[in-house]
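Note sheet for the following structure.
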Amino acid sequence: MRPRADGRVRQDRNDALRAFRADRILDEARETEDPVHLVRIFGISITTAMKYIHTAHPHRGGPIPP
């Protein structure tokens, strides 16, 4: 596959990598249920980590961060 002049191949690859990373973080959130672990491993903010935890465990209740 050759890159097009408009950079479409690169954009598709970047989108795929972002989706893969988000999926990996969500999988880790399902396993650990520890937002501090997510912050340390993936370098995300605590707010983002809490969103992943709430998404992975909606049955736990509590307020969902904005």
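First residue of the sequence shown: 0, per numbering that gives the first Met the number 0; consecutive thereafter.
Virtual Cβ for every residue (Gly too), placed ideally from N, Cα, C.
Given a cut-off of 8 Å on the beta-carbon distance, is the pair residue i and residue j in contact?
i, j, result
"Pro34", "Ile45", "yes"
Classify residue i as buried or exposed, calling it buried when 16 or more other Cβ atoms lie within 10 Å of its own Cβ.
i, result
"Ala48", "buried"
"His16", "Sequence check: residue 16 is Leu here, not His. So Leu16 counts as exposed."
"Ala18", "exposed"
"Ala21", "exposed"
Give the range of the alpha helix (DSSP H) segment to which residue i is assigned.
i, result
"Arg17", "Arg7 to Thr31"
Could you give the DSSP three-state label for residue i: helix, strand or coil?
i, result
"Ile43", "coil"
"His56", "coil"
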